[in-house]
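Heads up: the protein sequence lines correspond to chains A and B, in order. Numbering of the first sequence is given in my numbering, commencing with residue 1 and proceeding in unit increments. Numbering of the second sequence is given in my numbering, commencing with residue 269 and proceeding in unit increments. The beta carbon of each residue, even a glycine, is placed where N, CA and C say it ideally should be. This one's a predicted model, so the numbers in the text were calculated from it and none came from an experiment. Scroll down for the structure; my scribbles are underneath it.
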Amino acid sequence: MERATLTLEPDELAAGALSSTTVTRAAGLFDHFGYLVIPRAFETDLICNLQNGYFELIARGLVSGRGRGMDVGDRRYMIPVEMRAPFDDPRLYAAPRLLPILERLLGADLVLDSFGSVIAMPGAAAQARHKDHDLLFDAERGARLPCHAVTLVVPLIDLDAETGTTAILPGSHRVALGATVDVEPALPLIARGGCYLMDYRLSHFGTANRSTRIRPILYIVYSRPWFRDERNFYSLPALAMPAEARARVPLRLRGLLARLEHAEVVVA
Amino acid sequence: VTRFFDLGFDTGEEDGPISQIAISADLAGQGEPLGAGRWRVAVEAAGPLGSPLWASPRALGFVRAVLGEDCVLAGLAAVIELDGAPAGPLERAHAPLLADRELPCHAVVRVLPLGDAAPRLEVVAGSHRPPFLDGPAAPVAGACFLDSRLWFRRAANPTTLARATLELTYARPWFYDGRAMPSLRMSRAAYEGTPPEARRLLLRVGSALRQLGEAAE
Numbered sequence: 001m002e003r004a005t006l007t008l009e010p011d012e013l014a015a016g017a018l019s020s021t022t023v024t025r026a027a028g029l030f031d032h033f034g035y036l037v038i039p040r041a042f043e044t045d046l047i048c049n050l051q052n053g054y055f056e057l058i059a060r061g062l063v064s065g066r067g068r069g070m071d072v073g074d075r076r077y078m079i080p081v082e083m084r085a086p087f088d089d090p091r092l093y094a095a096p097r098l099l100p101i102l103e104r105l106l107g108a109d110l111v112l113d114s115f116g117s118v119i120a121m122p123g124a125a126a127q128a129r130h131k132d133h134d135l136l137f138d139a140e141r142g143a144r145l146p147c148h149a150v151t152l153v154v155p156l157i158d159l160d161a162e163t164g165t166t167a168i169l170p171g172s173h174r175v176a177l178g179a180t181v182d183v184e185p186a187l188p189l190i191a192r193g194g195c196y197l198m199d200y201r202l203s204h205f206g207t208a209n210r211s212t213r214i215r216p217i218l219y220i221v222y223s224r225p226w227f228r229d230e231r232n233f234y235s236l237p238a239l240a241m242p243a244e245a246r247a248r249v250p251l252r253l254r255g256l257l258a259r260l261e262h263a264e265v266v267v268a
Numbered sequence: 269v270t271r272f273f274d275l276g277f278d279t280g281e282e283d284g285p286i287s288q289i290a291i292s293a294d295l296a297g298q299g300e301p302l303g304a305g306r307w308r309v310a311v312e313a314a315g316p317l318g319s320p321l322w323a324s325p326r327a328l329g330f331v332r333a334v335l336g337e338d339c340v341l342a343g344l345a346a347v348i349e350l351d352g353a354p355a356g357p358l359e360r361a362h363a364p365l366l367a368d369r370e371l372p373c374h375a376v377v378r379v380l381p382l383g384d385a386a387p388r389l390e391v392v393a394g395s396h397r398p399p400f401l402d403g404p405a406a407p408v409a410g411a412c413f414l415d416s417r418l419w420f421r422r423a424a425n426p427t428t429l430a431r432a433t434l435e436l437t438y439a440r441p442w443f444y445d446g447r448a449m450p451s452l453r454m455s456r457a458a459y460e461g462t463p464p465e466a467r468r469l470l471l472r473v474g475s476a477l478r479q480l481g482e483a484a485e
């Protein structure tokens with residue numbers, strides 16, 4: 001069992017919602033360790049739909065002609081995914097077992113900053129240790145601030161010792177990249193339906209894929225409304241949802257997807 | 269810059285080509301309403317509103333000292349005020365990022381009055397820091413830089429003519445301003461014609477053009 005694992009109570013699983021006690025416990029674990037593993041966060045049928053949808057995209061040459069995305073290591077690619085069916089399911093991007101935790105960490109006005117996938121091909125070597133974004137302002141100050149963004153990782157296959165996973169350095173969200181963190185990496189090996197949340201400041205790396213299967217994960221980055229990741233999305237779109245899917249977004253979730261409504265730059 | 273940190277604003281001579289810039293009063297009624305007789309309109313960053321303006325040596329030196337070498341141009345707009353427009357309410361361009369923390373500046377608004385010399389703003393000096401609002405607003409004449417968290421009000425237009433004020437926003441690269449209006453308008457030709465040193469401010473335009481190009485392929 002990982003150090004920062006949130007086990008949901010049977011009544012929470014049945015009701016599909018979290019008690020305030022659980023939300024408080026989850027936020028405390030996340031703040032301390034910088035990550036949180038949550039088995040059984042999603043319904044099985046949802047993950048099956050996502051897995052089928054993703055493999056269909058692969059069969060079609062990957063994601064609406066946007067190419068293979070960006071290399072993020074040996075035989076490892078970051079690939080944008082348009083939020084169209086099945087990836088526009090509110091049970092995914094506004095999961096009732098996760099959203100209360102995210103709102104506690106980032107505030108009620110949190111937004112989706114990016115949505116996509118990372119795929120580690122069979123035989124992919126381990127990544128270099130990294131943080132997804134620099135600390136805000138300067139390393140000393142940025143490490144002391146409350147969390148400004150959270151990555152939700154949703155594996156589309158069962159993660160085991162062969163397929164590999166993400167190696168997470170617990171507590172590294174409180175230090176600059178390269179600073180010594182004297183801890184063993186956490187290795188969340190979880191079955192489909194589970195997920196893990198990572199503070200955007202956390203040091204981590206994808207481990208090798210020693211299996212003969214591809215290892216795809218979906219990532220969804222939630223942030224405070226004033227933060228955007230300009231570093232990883234210079235060439236790739238951070239967030240894309242076609243108009244027909246946008247029209248189906250429940251009114252209560254429009255704020256979460258506010259980034260889709262505002263162009264920072266208009267090419268004249 | 270030291271004075272700016274203390275007070276949240278800084279005034280001084282402008283080195284951009286201000287005298288060559290004219291904004292038509294016909295833009296009144298377009299863009300985002302800012303109360304009685306006043307509108308904010310995004311204007312294209314080209315011609316007289318090109319890099320000699322937004323990347324003038326004084327502007328570059330100032331915003332990079334405050335926001336870091338990797339800061340970006342995040343917005344370029346004109347505020348059009350009809351003759352007799354009354355003073356606006358106290359406001360600020362951006363709320364503090366974290367209400368309970370004292371943080372460095374995340375964005376600077378550069379205010380450039382065009383035409384008459386009457387003050388365009390009244391500012392509450394020091395209100396960019398906790399407790400964020402304290403003391404009376406005092407008029408600021410001429411061009412100035414504001415910490416975007418500073419409380420200010422738009423001064424009345426006492427003249428008999430409509431007038432325009434340019435507002436340029438510079439920000440740390442990760443800062444997002446979620447207001448509904450387009451923040452920056454620029455053509456590919458203007459981007460490609462921008463000198464390399466100034467182009468570093470155009471990270472967002474470069475990203476938009478790159479993504480448009482990829483989507484078209």
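Residue i: contacting residues in chain B (beta-carbon distance under 7 Å)
| i | result |
| --- | --- |
| A:Y234 | S475 and R478 |
Simplified DSSP state of residue i, which is helix, strand or coil
| i | result |
| --- | --- |
| A:T44 | helix |
| B:E319 | Looking at the sequence itself, residue 319 of chain B is Ser, so the reference to Glu does not match. It is helical. |
| B:L358 | coil |
| A:R66 | Because the pLDDT of A:R66 is 45, which lies under 50, any placement of that residue in the model is unreliable, and the number read from its coordinates should be weighed accordingly. If DSSP states are grouped into helix, strand and coil, A:R66 belongs with coil. |
| B:F273 | helix |
| B:E460 | helix |
| B:T433 | strand |
| A:E12 | helix |
| B:F334 | Looking at the sequence provided, one finds Val at residue 334 of chain B rather than Phe. B:V334 falls in the helix class under three-state DSSP. |
| A:G28 | helix |
| B:A423 | coil |
| B:A466 | helix |
| A:V81 | coil |
| A:V265 | strand |
Chain B contact residues for residue i, given Cβ-Cβ distances below 8 Å
| i | result |
| --- | --- |
| A:E56 | Neighbours of A:E56 on chain B: none; closest Cβ ~21 Å, over 8 Å. |
Interface residues of chain B facing residue i [CB-CB closer than 9 Å]
| i | result |
| --- | --- |
| A:F137 | G336, L371, P372, H374 and R440 |
Reference residue i, options the options, closest by Cα
| i | options | result |
| --- | --- | --- |
| B:P320 | B:E359, B:A405, B:G276 and B:I289 | B:I289 |
| A:S223 | B:L418, B:L365, B:R397 and B:S451 | B:L365 |
| A:R84 | A:E9, A:T207, A:D182 and A:L50 | A:L50 |
| B:V340 | B:E300, B:F413, B:A439 and B:R369 | B:A439 |
| A:A238 | A:E244, A:A247 and A:V221 | A:V221 |
| B:L414 | B:E349, B:S324, B:V334 and B:A385 | B:V334 |
| A:K131 | A:D109, A:V72, A:L251 and A:N209 | A:V72 |
| A:S211 | A:E162, A:P250, A:G171 and A:P170 | A:E162 |
| B:H396 | B:A409, B:A385, B:H362 and B:A466 | B:H362 |
| B:D278 | B:L302, B:G336, B:L469 and B:G410 | B:G410 |
| A:P96 | A:A179, A:F42 and A:A247 | A:F42 |
| B:P463 | B:L358, B:G446 and B:A314 | B:A314 |
| A:P250 | A:D88, A:V267, A:A120 and A:I214 | A:D88 |
Contact list for residue i against chain A, beta-carbon separation under 8 Å
| i | result |
| --- | --- |
| B:F443 | W226, F227 and R228 |
| B:E312 | A268 |
Interface partners of residue i on chain E, CB under 7 Å
| i | result |
| --- | --- |
| A:A258 | Among the chains of the structure shown, chain E does not appear; the protein chains present are A and B. |
Min CB distance residue i to chain A below 9 Å
| i | result |
| --- | --- |
| B:S455 | yes |
| B:V340 | yes |
| B:S292 | no |
| B:H362 | yes |
| B:A345 | no |
| B:L469 | no |
| B:A458 | yes |
Chain A residues whose Cβ lies nearer than 7 Å to that of residue i
| i | result |
| --- | --- |
| B:R472 | E264 and V265 |
| B:S416 | Ordered by position in chain A, no residue passes the 7 Å Cβ test against B:S416, which lies about 11 Å from the chain. |
| B:L365 | W226 |
Chain B contact for residue i (CB, 9 Å cutoff)
| i | result |
| --- | --- |
| A:S19 | no |
| A:L145 | yes |
| A:R141 | yes |
| A:V111 | yes |
| A:R231 | yes |
| A:H133 | yes |
Beta-carbon neighbours of residue i, restricted to chain A and to distances below 9 Å
| i | result |
| --- | --- |
| B:L401 | What B:L401 touches in chain A: nothing, since even the nearest Cβ is about 20 Å away. |
| B:S451 | H262, A263, E264, V265 and V266 |
Notebook entry, point to check: Does the segment 106 to 113 of chain A touch the segment 223 to 233 of chain A, meaning 3 or more C-beta pairs lie closer than 8 Å?
Noted result: yes
Note to self: Between the segment 140 to 159 of chain A and the segment 189 to 204 of chain A, can you find at least three pairs of beta-carbon atoms closer than 8 Å?
What the structure shows: yes
Item checked: contact_flag[the segment 170 to 181 of chain A, the segment 75 to 86 of chain A] where n(CB pairs < 8 Å) is 3 or more -> no
Item checked: Cβ contact (3+ pairs, closer than 8 Å) linking the segment 118 to 137 of chain A and the segment 89 to 105 of chain A -> no
Check: Any contact of the segment 253 to 263 of chain A with the segment 307 to 321 of chain B, i.e. 3+ C-beta pairs under 8 Å?
Finding: no
Item checked: the segment 441 to 457 of chain B touching the segment 304 to 315 of chain B, judged by at least three CB pairs closer than 8 Å -> Output reads yes: the segment 304 to 315 of chain B touches the segment 441 to 457 of chain B.
Note to self: Can you confirm whether the segment 388 to 398 of chain B touches the segment 417 to 426 of chain B when touching is taken to mean that 3 or more C-beta pairs between the two stretches lie within less than 8 Å?
What the structure shows: Taking a contact to require three or more Cβ pairs closer than 8 Å, the segment 417 to 426 of chain B and the segment 388 to 398 of chain B qualify as touching.
Check: Are there three or more Cβ pairs, one per stretch, closer than 8 Å when the segment 455 to 475 of chain B is compared with the segment 244 to 263 of chain A?
Finding: The segment 455 to 475 of chain B, when compared against the segment 244 to 263 of chain A, does not touch it at the 8 Å Cβ threshold.
Next item on the list: Could you tell me whether the segment 428 to 445 of chain B touches the segment 345 to 355 of chain B, where touching means 3 or more Cβ pairs closer than 8 Å?
Entry: Taking 8 Å as the limit for Cβ pairs, the verdict is that the segment 345 to 355 of chain B does touch the segment 428 to 445 of chain B.
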